[in-house]
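Numbering (the working numbering), first residue to last: 1293 to 1468. Just so you know, even glycine gets a beta-carbon here, dropped at the ideal spot from N, CA and C. These notes concern the structure reproduced below.
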């Protein structure tokens, strides 16, 4: 709930990124179980970013909870188009690192209700004592560069993330 105020302020400061701020506000409402608000905000976000498939993942789960089964299935299929190969629940949930395990479970259950194969428990949950602390993260990341390959639409492309010693992050992705 606290983040919504910051997101509203971000729209004032940077109206060109309004779509993402609206999406994250919708995600915040999803996180506290306010599904109607999540739908409205995510739809508004999609008017600014209509090709952003990740937003359909949240809509699929929300529609499933609201009993809007056909829309849930359609949004799930749209969301899955953003993956190079069809992912399982574990792969999907690794992209959604919610702090509150109840919110992660809510998303998993919603995606299964929307038609993703498997059980809502089919993903790896990180227990509290295994989570990295701030200083551990700083030691592992700051002052380092990470390279990898990931999907962009229907092709695999290289990416680079540079973490400076002071914690700034630069992300680069090739579109060749």
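> For the putative contact between residue 1311 and residue 1337, defined by C-beta atoms under 8 Å, what is the C-beta separation to the nearest angstrom?
Replying inline: Confirmed, about 5 Å.
>> For the pair the region 1453-1463 and the region 1425-1434, tell me if three or more CB-CB distances fall below 8 Å.
In response: yes
> How big is the Cα-Cα spacing for residue 1363 and residue 1421?
Replying inline: One C-alpha to the other measures close to 38 Å.
> Do you know offhand how far residue 1356's Cα is from residue 1397's?
Replying inline: Between the alpha carbons of residue 1356 and residue 1397 lies a distance of about 14 Å.
>> Let's see if you can read the secondary structure: which residues bound the beta strand (DSSP E) around residue 1461?
In response: 1461-1465
> Over what stretch of residues does the alpha helix (DSSP H) that includes residue 1369 continue unbroken?
Replying inline: 1361-1372
> Going by C-alpha distance, which of 1342, 1339, 1326 and 1378 is nearest residue 1358?
Replying inline: Checking every option, the nearest Cα to that of residue 1358 belongs to 1326.
> Would you call residue 1371 buried or exposed, if buried means 16 or more other Cβ atoms sit within 10 Å of its Cβ?
Replying inline: buried
> Taking buried to mean at least 16 other C-beta atoms within 10 Å of its own C-beta, is residue 1437 buried or exposed?
Replying inline: The residue is exposed, with fewer than 16 neighbouring Cβ atoms inside 10 Å.
> residue 1400 and residue 1412 look like a contact to me (Cβ under 8 Å); what is the Cβ gap, rounded to whole Å?
Replying inline: Here residue 1400 really is in contact with residue 1412; their C-beta atoms are around 5 Å apart, less than 8 Å.
> Mapping DSSP to helix, strand and coil, what is residue 1341?
Replying inline: coil
> Any idea what DSSP makes of residue 1415, helix, strand or coil?
Replying inline: coil
> What's the call for residue 1404, buried or exposed, on a 16-neighbour Cβ count within 10 Å?
Replying inline: buried
>> Assuming residue 1368 and residue 1406 are in contact, meaning their beta carbons sit under 8 Å apart, how far apart are those beta carbons, in whole angstroms?
In response: 4 Å
> Taking buried to mean at least 16 other C-beta atoms within 10 Å of its own C-beta, is residue 1298 buried or exposed?
Replying inline: exposed
> What is the DSSP secondary structure of residue 1456, reduced to helix, strand or coil?
Replying inline: In the three-state scheme derived from DSSP, where H, G and I count as helix and E and B as strand, residue 1456 is classed as coil.
> At which residues does the alpha helix (DSSP H) containing residue 1381 begin and terminate?
Replying inline: 1381-1385
>> For a cutoff of 9 Å on Cβ pairs, would you count residue 1380 as touching chain D?
In response: Within the model displayed, chain D is absent; a lone protein chain is all it includes.
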